[in-house]
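In our numbering, the protein residues as written are 2 to 356.
Using N, Cα and C, we set each Cβ at its ideal position, and we do this for glycine too.
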């Protein structure tokens, strides 16, 4: 309750400041040459003029691509559009190496997912793959080398979690501790020293205090019907907006946007079903970036949000102030729960001291 009050007060202070900015400044979204080029490369079917490459700071271009986990995709797109030769030779080699390693890694990912799937099926355990693992296994991408994946995320029923832990232990997957009080969307990751990918069995789709925005029972039920694609894309958007705090910080991630973009191209999606602020503001940002061109009904607070988004891109001082406020909102409840677990949970303390 205390944290909700703090979050509410901080959010109102942000809105008051933005309200003043909104009515006293006139500014447009400022993107760097590298960001514009990257958007063009990933989302546009238009031919890229070779003269565009002369304006690019390739060091900054790689930095942006790396921070968005896009380097394999960048290589794939440059090669597919037959413009790879226009980037410096050393960068060509670097991107090719990253792409090759990632494609080989994803081949192992598929093998490990198939092994896990067959094992769970023999035990008659229900589960749903999530995030990158789901996208790879559902053939969302034209090339499996274009998407970077960290862990194998999957959803299980809360009532099955104890059984899942036992089964994973039997397969050589272990985690070093479990939370005693802290309610999280998944327990600490399970690692097998003989496998490349760790496992994260989710019992919630969203962080615990926001779980009402996408209930597990409803999600599982809708996967069996025509609304399946709508609910999968809902999770894609909410996972970034809520779990990765994209909405809080007023930011975006191009890998996440690319996933949504590819999914929308290949599947029948009804945008009218996406009405809450998390969806509206996600697609308002993709509209501004030129990725989508959707008709969205917005309110006054959506306008404030977009004013804040644009200001953060154009004013570094405001970006720092805004980030500081968001860090307080994000980390205060997390640090509190970490302190509680550290106090009462011996395994958690041992894990902390082992770092």
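| Query | Result |
| --- | --- |
| Residue 200 - partner residues in DSSP beta bridges | 153, 191 |
| Buried or exposed (CB count within 10 angstroms, at least 16 for buried), residue 367 | Nothing can be reported for residue 367, as the shown portion of the chain is limited to 2 through 356. |
| Nearest candidate by alpha-carbon position, reference residue 329, set 45, 185, 197, 249 | 249 |
| Simplified DSSP assignment, three categories, for residue 339 | helix |
| Contact check, residue 254 vs residue 241, beta carbons under 8 Å | yes |
| Reduced DSSP category for residue 312 - H, G, I as helix; E, B as strand; rest coil | helix |
| Per-residue burial, residue 109 [other beta carbons within 10 Å of its own, 16 or more giving buried] | exposed |
| Buried or exposed by the 16-neighbour rule on C-beta atoms within 10 Å, applied to residue 204 | buried |
| Whole-angstrom distance between residue 71 and residue 39, CA atom to CA atom | 10 Å |
| Residue from 300, 299, 284, 301 whose Cα sits closest to the Cα of residue 293 | 284 |
| Three CB pairs or more closer than 8 Å across the stretch 61 to 77 and the stretch 34 to 49 | yes |
| Spatial neighbours of residue 218 in its chain, beta-carbon cut-off 7 Å, leaving aside the 5 residues before and after | none |
| CB contact flag (residue 130, residue 155, <8 Å) | yes |
| Same chain only: Cβ atoms within 7 Å of residue 175, ignoring 5 sequence neighbours per side | 191, 192 |
| Assumed close pair residue 177, residue 55 - CB separation to whole angstroms, cut-off 8 Å | Residue 177 to residue 55, Cβ: 51 Å. No contact. |
| Spatial distance of residue 179 from residue 80 (CA atoms) | 45 Å |
| Check: residue 141 C-beta below 7 Å from any heavy atom of the ligand NAP | Judged by which ligands are present, the structure shown has none, so any question about the ligand NAP falls away. |
| Whole runs of the alpha helix (DSSP H) within the stretch 90 to 117, excluding any shorter than 4 residues | none |
| Nearest residue (CA-CA) to residue 313, options 305, 323, 304 | 323 |
| Beta-ladder partner(s) of residue 129, from DSSP | 156 |
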